[in-house]
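Undergrad:
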Amino acid sequence: MRHFDFAPLYRSTIGFDRIAQLLDSMGSVDEGAYPPYNIERLGENEYRITMAVAGFADNEIKIEVKEQSLTVRGEKAPDDKERHFLHRGIAARSFERRFQLA
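Start counting the sequence shown at 13; every next residue gets the next number (the working numbering).
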């Protein structure tokens, strides 16, 4: 049985731990497709995230940046009005979407 020493390879990757963490986390979390979003590159270091959150008021959406992670949460307030929908196509469920920042 052969043993390989990968220690010399690991020494050359010092400082790349953050990239490895990002790559590991990319495929590990399945957040579903709600709400849909776009990520646009506007410039060298400028990006825009657009989310489709129809039916949510500004006070029902919370945006937080913590440890190189952008989190957008939406929590729908209970509707006090009694309504009779013929068709309800706008989702009113809560959501949480996380984006890794570099």
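We put the CB at the ideal spot given by N, CA and C, even for glycine.
(1) Excluding the five sequence neighbours on either side, which residues of its own chain have a C-beta within less than 6 Å of the C-beta of V41, listed in chain order?
(2) Going by Cα to Cα distance, which pick from Q112, S106, L113 is closest to P47?
(3) If we count the other Cβ atoms within 10 Å of its Cβ and call it buried at 16 or more, is G86 buried or exposed?
(4) Does DSSP put N50 in a helix, in a strand, or in coil?
(5) Among I75, A103, R100, F68, which one has its Cα closest to the Cα of A89?
TA: To lay it out plainly:
(1) With a pLDDT of 49 at V41, under the threshold of 50, the predicted position of this residue should be treated as unreliable, and no value is reported.
(2) Nearest option by C-alpha distance: S106.
(3) That one is buried.
(4) Judged by DSSP in its simplified three-state form, N50 adopts strand.
(5) Of the listed residues, the one whose Cα sits closest to A89 is F68.
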